[in-house]
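*Asks:* The structure follows.
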Amino acid sequence: MMKGILSRTVLSAALLGTLGWTAEIHAKNVTLAADEKPAAIEIKIDNFSFMPQDTTVAPGTTITWVNRDDLPHTVVSTNGKFKSKALDTDDKFAFTFSEPGTYEYFCSVHPKMTAKVIVK
Amino acid sequence: MQGFLGTQAGFAADLNLVIQLAMGLALVAGMFLARAKRYKAHGICQASVLILNLAMIAFVMWPSYSMLVMTRIPARLSQQSVAIPAIHGLLGVVAEMLGLYIVLAAGTSVLPRSLRFTRWKLWMRIEMALWGTVLVTGLGTYVVWYVRPLH
């Protein structure tokens, strides 16, 4: 009788432990999933160039361009998906990339300034 | 569209620079036509430059100017990328207006006699000096915007 109670208690404890562990794992996964939200990325504009020139991000990522140059620049997508106004020194422009694909862009004032964002 | 002079400028800015330099040479050539007493050719030459410059202002310079200079005045006037083109724009407007006035007053009978200059040579020389200054500040603008900012 005692043996039966003992074994049931051990079994229950083991079961509860397993459930608790599973719950912990589940909670951890939720937390991780929340952490894995696409981060905001910054691209610097300076000395007639976009830095970095090629940027790879996950869908849903918001990219912010910051003009650190002492000249105005623009950020214009070649396929017309986004277009900033003229960004003065320290001005910012942000765009959220929701669709996968390759987005090439340039500065309309200085057309040799080109770069791309790869969303995958 | 990319430029053809090997700088950061686009096609329109490069084309404008070449045309402005050519127009500067044409004005000097026109000055020599006047010295050679070929006044009709002189008038046609200088008037053509003024009219072509109006088109360059409307289609190339004003769009850039309104985007890169007008929006930054007066806050950024201490920056060379604003100050040089601002001086260029101001003197350019005066030079274009004075030039058009000289063409109207000297080459047509549109203006009443009371509104016409009498000291032609003096005003034409002032116009040439002004145009030269505008050309130099225009070159400065091109360098500051498209070659490398002068820190």
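Chains as they are written, first to last, in this note's numbering: chain A, 155 to 274; chain B, -7 to 143. From the three backbone atoms N, C-alpha and C, an ideal C-beta is built for every residue, glycine too.
Assess contact between the stretch 263 to 271 of chain A and the stretch 215 to 230 of chain A, defined as three or more Cβ pairs (one per stretch) separated by less than 8 angstroms. Is contact present?
*Replies:* Contact between the stretch 263 to 271 of chain A and the stretch 215 to 230 of chain A is present, because at least three Cβ pairs lie under 8 angstroms.
*Asks:* Look at the alpha carbon of residue 267/A and the alpha carbon of residue 57/B, and state the distance between them as a whole number of angstroms.
*Replies:* Within the first sequence, residue 267/A is the residue found at index 113, counting from 1. Within the second sequence, residue 57/B is the residue found at index 65, counting from 1. Those two C-alpha atoms are separated by around 20 angstroms.
*Asks:* Return the chain-ordered list of same chain residues with a C-beta closer than 8 angstroms to the C-beta of residue 173/A, the five sequence neighbours on each side being excluded.
*Replies:* If you number the first sequence from 1, residue 173/A lands on position 19. Residue confidence is low: residue 173/A scores 41 on pLDDT, short of 50, so the model does not pin down where it sits. Its coordinate-derived value is still stated next. The answer is none, since no qualifying residue turns up.
*Asks:* Identify which residue in 61/B, 85/B, 83/B and 86/B has its Cα closest to the Cα of residue 74/B.
*Replies:* Here residue 74/B refers to the residue found at position 82 of the second sequence. Ranking the options by Cα distance to residue 74/B, first place goes to 61/B.
*Asks:* If you check the beta carbons only, do residue 270/A and residue 256/A fall under 8 angstroms apart?
*Replies:* Indexing the first sequence from 1 puts residue 270/A at position 116. Indexing the first sequence from 1 puts residue 256/A at position 102. It is a contact, given that the beta carbons lie within the stated cut-off.
*Asks:* Put residue 38/B into one of helix, strand or coil per three-state DSSP.
*Replies:* Here the question's residue 38/B lines up with position 46 in the second sequence. In this structure, residue 38/B counts as helix in the three-state DSSP scheme.
*Asks:* Within the chosen definition, does the stretch 125 to 138 of chain B reach the stretch 8 to 24 of chain B through at least 3 CB pairs nearer than 8 angstroms?
*Replies:* At 8 angstroms Cβ cutoff, the stretches touch.
*Asks:* Answer yes or no: does any C-beta atom of chain B fall closer than 8 angstroms to that of residue 202/A?
*Replies:* Counting from one through the first sequence, the residue named residue 202/A turns up at place 48. So, interface residue.
*Asks:* Going by beta-carbon coordinates alone, are residue 122/B and residue 86/B separated by less than 8 angstroms?
*Replies:* On the second sequence, position 130 is the one that residue 122/B refers to. On the second sequence, position 94 is the one that residue 86/B refers to. Contact: yes.
*Asks:* Report the neighbours of residue 266/A on chain B: residues whose CB is nearer than 7 angstroms to its CB, in chain order.
*Replies:* Counting from one through the first sequence, the residue named residue 266/A turns up at place 112. Under the 7 angstroms cutoff, chain B gives -6 and 0.
*Asks:* For the stretch 23 to 34 of chain B and the stretch -3 to 4 of chain B, state whether three or more C-beta atom pairs, one from each stretch, are separated by less than 8 angstroms.
*Replies:* Verdict: no, contact absent.
*Asks:* Closest Cβ-Cβ distance between residue 185/A and chain B: below 8 angstroms?
*Replies:* Translated into the one-based positions of the first sequence, residue 185/A becomes position 31. Bear in mind that the predicted position of residue 185/A carries a pLDDT of just 31, short of 50, making it too unreliable to give a figure here.
*Asks:* Locate the beta strand (DSSP E) running through residue 253/A, then write down its first and last residues.
*Replies:* Against the first sequence, residue 253/A aligns to sequence position 99. It is not in any beta strand (DSSP E) - residue 253/A carries neither H nor E in the DSSP assignment.
*Asks:* Expressed to the nearest angstrom, what Euclidean distance is found between the alpha-carbon atoms of residue 126/B and residue 84/B?
*Replies:* The count along the second sequence starts at 1 and reaches residue 126/B at position 134. The count along the second sequence starts at 1 and reaches residue 84/B at position 92. Approximately 6 angstroms between the Cα atoms of the pair.
*Asks:* Excluding the 5 residues flanking residue 68/B on each side, which residues of the same chain have their C-beta closer than 8 angstroms to its C-beta?
*Replies:* Within the second sequence, numbered from 1, the residue matching residue 68/B stands at position 76. Excluding residues within five positions, the ones whose Cβ falls inside 8 angstroms are 74.
*Asks:* Is the beta carbon of residue 258/A less than 8 angstroms from the beta carbon of residue 220/A?
*Replies:* The residue labelled residue 258/A in the question sits at position 104 within the first sequence. The residue labelled residue 220/A in the question sits at position 66 within the first sequence. Their beta carbons are not under 8 angstroms apart, which means residue 258/A does not touch residue 220/A by this criterion.
*Asks:* Within the same chain, show all residues whose beta-carbon is closer than 8 angstroms to that of residue 35/B, passing over the 5 residues directly before and after it, in chain order.
*Replies:* Here residue 35/B corresponds to residue number 43 of the second sequence, with the count starting at 1. Around residue 35/B: 95, 98 and 99.
*Asks:* Which same chain residues, not among the five before or five after residue 167/A, have their C-beta less than 8 angstroms away from its C-beta?
*Replies:* Stepping through the first sequence from its first residue, residue 167/A is reached at position 13. Low per-residue confidence applies at residue 167/A: pLDDT is 45, beneath 50, and the placement is therefore not dependable enough to give any value.
*Asks:* Under the rule that 16 or more other beta-carbon atoms within 10 Å means buried, what is residue 244/A, buried or exposed?
*Replies:* Along the first sequence, one-based indexing puts residue 244/A at 90. Residue 244/A is exposed by the Cβ-count criterion.
*Asks:* Chain A partners of residue 59/B, CB-CB under 8 angstroms?
*Replies:* Here the question's residue 59/B lines up with position 67 in the second sequence. Chain A residues near residue 59/B: 226, 240 and 263.
*Asks:* Taking the alpha-carbon positions, what's the residue 37/B to residue 206/A distance?
*Replies:* Taking the second sequence and counting its residues from 1, one reaches residue 37/B at position 45. Taking the first sequence and counting its residues from 1, one reaches residue 206/A at position 52. Looking at the two C-alpha atoms, the distance is approximately 50 angstroms.
*Asks:* If I'm right that residue 82/B touches residue 42/B with Cβ under 8 angstroms, what's the distance once you round it to whole angstroms?
*Replies:* Stepping through the second sequence from its first residue, residue 82/B is reached at position 90. Stepping through the second sequence from its first residue, residue 42/B is reached at position 50. Not a contact, Cβ separation roughly 18 angstroms.
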